[in-house]
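Asks: Take a look at the following structure, please.
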Amino acid sequence: MASIKTIFSGLQSPRQGVGDVKTAIHPRDALGFFSASTFSWCNRLISVGNERQLAPSDIWELQARKDKTAGDIANLFSVDVVNVMGLSANMNMAWIVPIQVGVTLYLIQQQVGWAIWTGFLALFSILMLSGGVGVFAGKAQRMILTCKDNRMKVINELFGAIQIVKLHAWEEKLTASVTELRRKELDALWLFVKTILVLITSVHTAPVLITVVVFATYAMWMGQLLTVTIVFTTLALFENLQAAFTALPMVFVATIQALVSVKRITFVLDMHETNPDNLVDGVVEDVHQPVVIRISDGEFGWEKESPLFKNLQWSIRQGEFVVVHGAVGSGKSSLCSILLGEMDKYDGNVVVAGRVAYVGQQSWIQNATIRHNILFGRPYDHVRYRKVLDACALSADLSNLPANDRTEIGLRGVTLSGGQKARVSLARACYADADIYILDAPLSAVDAIVANEIFTKCFQNLLKHKTVVLVTHNPDIIHSSAIHRSFHIQDGSLVED
Numbered sequence: 014m015a016s017i018k019t020i021f022s023g024l025q026s027p028r029q030g031v032g033d034v035k036t037a038i039h040p041r042d043a044l045g046f047f048s049a050s051t052f053s054w055c056n057r058l059i060s061v062g063n064e065r066q067l068a069p070s071d072i073w074e075l076q077a078r079k080d081k082t083a084g085d086i087a088n089l090f091s092v093d094v095v096n097v098m099g100l101s102a103n104m105n106m107a108w109i110v111p112i113q114v115g116v117t118l119y120l121i122q123q124q125v126g127w128a129i130w131t132g133f134l135a136l137f138s139i140l141m142l143s144g145g146v147g148v149f150a151g152k153a154q155r156m157i158l159t160c161k162d163n164r165m166k167v168i169n170e171l172f173g174a175i176q177i178v179k180l181h182a183w184e185e186k187l188t189a190s191v192t193e194l195r196r197k198e199l200d201a202l203w204l205f206v207k208t209i210l211v212l213i214t215s216v217h218t219a220p221v222l223i224t225v226v227v228f229a230t231y232a233m234w235m236g237q238l239l240t241v242t243i244v245f246t247t248l249a250l251f252e253n254l255q256a257a258f259t260a261l262p263m264v265f266v267a268t269i270q271a272l273v274s275v276k277r278i279t280f281v282l283d284m285h286e287t288n289p290d291n292l293v294d295g296v297v298e299d300v301h302q303p304v305v306i307r308i309s310d311g312e313f314g315w316e317k318e319s320p321l322f323k324n325l326q327w328s329i330r331q332g333e334f335v336v337v338h339g340a341v342g343s344g345k346s347s348l349c350s351i352l353l354g355e356m357d358k359y360d361g362n363v364v365v366a367g368r369v370a371y372v373g374q375q376s377w378i379q380n381a382t383i384r385h386n387i388l389f390g391r392p393y394d395h396v397r398y399r400k401v402l403d404a405c406a407l408s409a410d411l412s413n414l415p416a417n418d419r420t421e422i423g424l425r426g427v428t429l430s431g432g433q434k435a436r437v438s439l440a441r442a443c444y445a446d447a448d449i450y451i452l453d454a455p456l457s458a459v460d461a462i463v464a465n466e467i468f469t470k471c472f473q474n475l476l477k478h479k480t481v482v483l484v485t486h487n488p489d490i491i492h493s494s495a496i497h498r499s500f501h502i503q504d505g506s507l508v509e510d
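For the sequence shown, position 314 matches number 327 in this note's numbering, and the numbering has no gaps at all.
What follows is the structure in structure tokens.
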């Protein structure tokens with residue numbers, strides 16, 4: 014400020030030497046230098062690692078939850094994470110701007126005296142208006158994200174069943190539904206834009222309004238003379254103030270969007286994977302052999318009004334090989350969900366003792382090498398690894414691949430057949446060396462010869478001393494002498510054969 018004041022004083026009074034003016038040009042505006050020098054550095058510092066904090070591995074686990082759809086998860090990555098990252102780019106302005114405004118107002122006060130307090134009053138009025146508009150903008154942002162979730166949910170379902178849509182020629186009908194959802198999203202977006210326009214207009218008007226109020230008070234109310242030095246020095250300071258206020262809308266918008274997104278992300282991340290009350294970890298002592306799985310008076314289902322299982326009684330001893338079979342849709346996979354603690358429990362108790370390995374009907378494959386899919390983060394044991402490959406009938410398949418077990422299998426295992434993906438999933442479970450194996454039709458995707466090899470080498474030998482619950486339709490396996498007990502599901506009950 015002293016530099017600017019000296020320059021205009023020299024211009025106003027010819028008696029002041031030119032040397033004073035030249036000397037005054039060298040100092041730089043401390044606030045401007047401070048803002049420019051710290052902004053880029055601090056942004057880089059804050060942005061480092063933000064994406065890693067929102068680990069995809071944590072969020073992808075949420076896709077199985079019935080309360081969150083794939084569209085919701087997609088929006089977390091495509092919208093909410095971007096909003097949080099956007100705040101980091103503007104976060105420094107949240108503390109730089111108040112300091113810049115405060116110091117600038119103090120310097121203006123040195124020029125015009127207490128007239129600045131009328132400017133404070135005008136500034137306070139504008140900030141109150143901006144705060145109210147900001148709250149409304151937050152509500153509009155939530156409306157946008159809700160509409161976006163609904164649209165993404167429908168689009169994901171549409172592309173997931175695109176063959177059925179094409180087969181029945183439903184394109185026009187579904188296009189109308191998506192267009193209507195998009196229209197609602199655009200309406201919410203337009204409301205948000207209008208709100209932000211009001212906010213930006215008020216913020217950009219603030220410096221001009223404050224300037225008029227301050228000069229009017231100084232000249233008319235205080236009766237002071239507005240000299241060239243005072244006017245241009247104050248205007249230069251107000252220009253600095255306007256630059257600070259220009260950054261405020263970006264800070265407001267980024268903060269509002271980030272706060273809404275953080276609440277949405279936090280809500281999802283705080284959800285429990287399973288209800289901890291669904292399962293009890295412990296061994297039930299028995300006079301003959303420990304019982305590692307026991308369901309007592311169980312009532313389970315996905316909807317409380319229509320439970321799938323009522324008064325379910327079941328117990329499996331350690332080391333037993335148990336087969337479960339039944340008609341399509343009878344609840345075999347749901348029974349596996351009970352043992353995993355994923356199905357809602359309405360009554361009874363479920364005890365599962367020991368580490369559990371699960372193989373589902375649909376193979377779960379990582380976009381990595383075959384070895385990484387089997388090891389799944391565990392240390393490499395060459396002897397056990399080779400035993401698992403042989404037991405799961407994978408050795409011959411690996412020899413035909415270009416890089417053996419280090420072959421990249423692509424997203425969702427696109428380079429493997431259905432049977433190969435099923436065997437990789439089974440090999441991952443076997444390598445885990447768990448206590449209990451829950452296998453939901455792992456042989457349904459392989460031919461009879463391979464199924465017989467896996468049954469002999471894997472189930473009867475590698476897992477000989479493990480507790481195995483196998484879901485299958487294969488009558489040869491159901492009636493095999495290697496099976497200790499066989500159950501079939503009928504009308505929501507387990508009946509032993």
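C-beta: ideal position from N, C-alpha, C; glycine also.
These numbers were taken from a predicted model, which means no experiment stands behind them.
Starting from Gly99, follow the alpha helix (DSSP H) in both directions and report where the run begins and ends.
Replies: Gly99 -> alpha helix (DSSP H) spans Val94 to Asn103.
Asks: For Gln503, which residues of its own chain have a beta-carbon under 6 Å away from its beta-carbon, when the five flanking residues on both sides are left out?
Replies: Once the five neighbours on either side are set aside, Gln503 has no close Cβ partner at all.
Asks: Okay, do the stretch 406 to 414 and the stretch 442 to 456 touch, 3+ Cβ pairs below 8 Å being the bar?
Replies: No: fewer than three Cβ pairs fall under 8 Å.
Asks: Using the three-state DSSP reduction, which class does Thr420 fall into: helix, strand or coil?
Replies: In the structure shown, Thr420 sits in coil (DSSP, three-state: anything other than H, G, I, E or B).
Asks: Please classify Ala464: is it buried, with 16 or more other beta-carbons within 10 angstroms of its beta-carbon, or exposed?
Replies: Burial call: buried.
Asks: Got a sec, what are the start and stop residues for the alpha helix (DSSP H) His217 sits in?
Replies: Run containing His217: Glu184 to Ala229, per the alpha helix (DSSP H) assignment.
Asks: Ordered along the chain, which non-local residues of its own chain (more than five positions away) have a Cβ less than 8 Å from that of Pro392?
Replies: The answer is none, since no qualifying residue turns up.
Asks: Less than 8 Å between CB atoms is the rule here; does Glu312 satisfy it with respect to chain C?
Replies: The question asks about chain C, but that chain is absent: this structure has only one protein chain.
Asks: If Ile223 and Val125 are in contact, beta carbons under 8 Å, what's the gap, nearest whole angstrom?
Replies: Actually they are not in contact, since the Cβ atoms of Ile223 and Val125 sit about 11 Å apart, beyond 8 Å.
Asks: According to DSSP, Gly339 sits in a beta bridge with which residue or residues?
Replies: Beta-bridge pairing links Gly339 to Ile502.
Asks: Which one or two residues does DSSP pair with Trp327 in a beta bridge?
Replies: Answer is Ile308, bridged to Trp327.
Asks: Do you know whose CA, among Leu402, Thr420, Val508 and Glu509, lies nearest Ile467's CA?
Replies: Selected option, being the one with the closest Cα: Leu402.
Asks: Within 10 angstroms of the Cβ of Tyr450, are there 16 or more other Cβ atoms? Answer buried if so, exposed if not.
Replies: Per the 10 Å Cβ criterion, buried.
Asks: Take Asp71 and list the residues in its own chain whose beta-carbon comes closer than 8 Å to its own, dropping the five residues that flank it on each side.
Replies: Residue placement at Asp71 is flagged as unreliable, the pLDDT there being 45, under the threshold of 50; a coordinate-derived value is accordingly withheld.
Asks: Using C-beta distances below 6 Å, list every residue in its chain close to Ala404, excluding the 5 sequence neighbours before and after it, in chain order.
Replies: Hits under 6 Å: Lys470, Cys471 and Leu475.
Asks: What is the residue span of the beta strand (DSSP E) that Asp162 lies within?
Replies: Asp162 -> not in any beta strand (DSSP E); alpha helix (DSSP H) instead, spanning Ile129 to Gly173.
Asks: In the DSSP assignment, find the unbroken beta strand (DSSP E) run with Leu452 in it and report its ends.
Replies: Segment Ile449 to Asp453, the beta strand (DSSP E) holding Leu452.
Asks: Apart from the five residues just before and just after Lys434, which ones in its own chain have a Cβ nearer than 7 Å to its Cβ?
Replies: Result list for Lys434: Ser376, Ile378 and Gly426, in chain order.
Asks: For the beta strand (DSSP E) containing Ala370, list its first residue and its last residue.
Replies: Looking at the DSSP string, the run of the beta strand (DSSP E) that includes Ala370 is Val369 to Val372.
Asks: Could you tell me whether the stretch 493 to 509 touches the stretch 353 to 364, where touching means 3 or more Cβ pairs closer than 8 Å?
Replies: Contact fails: fewer than three Cβ-Cβ distances are below 8 Å.
Asks: Mark Asp394 as exposed unless 16 or more other C-beta atoms lie within 10 angstroms of its C-beta, in which case mark it buried.
Replies: Looking at its Cβ environment, which holds fewer than 16 other Cβ atoms inside 10 Å, Asp394 is exposed.
Asks: For Phe334, which three-state DSSP category applies?
Replies: Phe334: strand per DSSP, three-state reduction.
Asks: I need the straight-line Cα distance from Ile491 to Asn169, nearest angstrom please.
Replies: Between Ile491 and Asn169, the C-alpha separation is close to 39 Å.
Asks: Measuring CA to CA, which of Leu456, Lys477, Thr480 and Ser506 is closest to Asp489?
Replies: If we check each option's Cα against that of Asp489, Leu456 comes out closest.
Asks: How big is the Cα-Cα spacing for Gly151 and Gln113?
Replies: Between Gly151 and Gln113, the C-alpha separation is close to 26 Å.
Asks: Look up Asn362 in the DSSP assignment and give the residues it is bridged to.
Replies: Ser309, per the DSSP bridge assignment.
Asks: Please check the pair Tyr231 and Ala128, which I expect to be a contact at CB under 8 Å, by giving their CB distance rounded to whole angstroms.
Replies: About 4 Å separates the two Cβ atoms, so the contact holds.
Asks: Does the distance between the C-beta of Thr188 and the nearest non-hydrogen atom of the ligand MN fall short of 7 Å?
Replies: Inclusion of the ligand MN in the displayed structure is not the case, the ligand content being empty and no account of it being possible.
Asks: Kindly list the residues whose CB is nearer than 6 Å to the CB of Phe172, restricted to its own chain and excluding five residues on each side of it in sequence; keep chain order.
Replies: Excluding residues within five positions, none has a Cβ falling inside 6 Å.
Asks: Would you check if the stretch 182 to 193 and the stretch 233 to 250 touch, i.e. whether three or more CB-CB distances between them fall below 8 Å?
Replies: The answer is no - the stretch 182 to 193 does not touch the stretch 233 to 250, with fewer than three Cβ pairs under 8 Å.
Asks: Determine the direct distance from the alpha carbon of Ser328 to that of Ala182, and round the result to whole angstroms.
Replies: The straight-line gap from Cα to Cα measures roughly 50 Å.
Asks: Roughly how many whole angstroms lie between the Cα atoms of Leu429 and Asn380?
Replies: Their backbone Cα atoms lie some 12 Å apart in a straight line.
Asks: DSSP state of Asp394, grouped into three classes?
Replies: Asp394 falls in the coil class under three-state DSSP.
Asks: Just to check my reading of the structure: Ala454 and Ile387 have Cβ atoms closer than 8 Å, yes? What is that Cβ distance to the nearest angstrom?
Replies: Their Cβ separation, rounded to whole angstroms, is 20 Å, which puts Ala454 and Ile387 out of contact at 8 Å.
Asks: Hey, quick one: how far does the alpha helix (DSSP H) through Leu118 stretch, first residue to last?
Replies: That run of the alpha helix (DSSP H) goes Met106 to Val125.
Asks: Is it buried or exposed for Asn324, if we count other Cβ within 10 angstroms and need 16 for buried?
Replies: Flag for Asn324 reads exposed.
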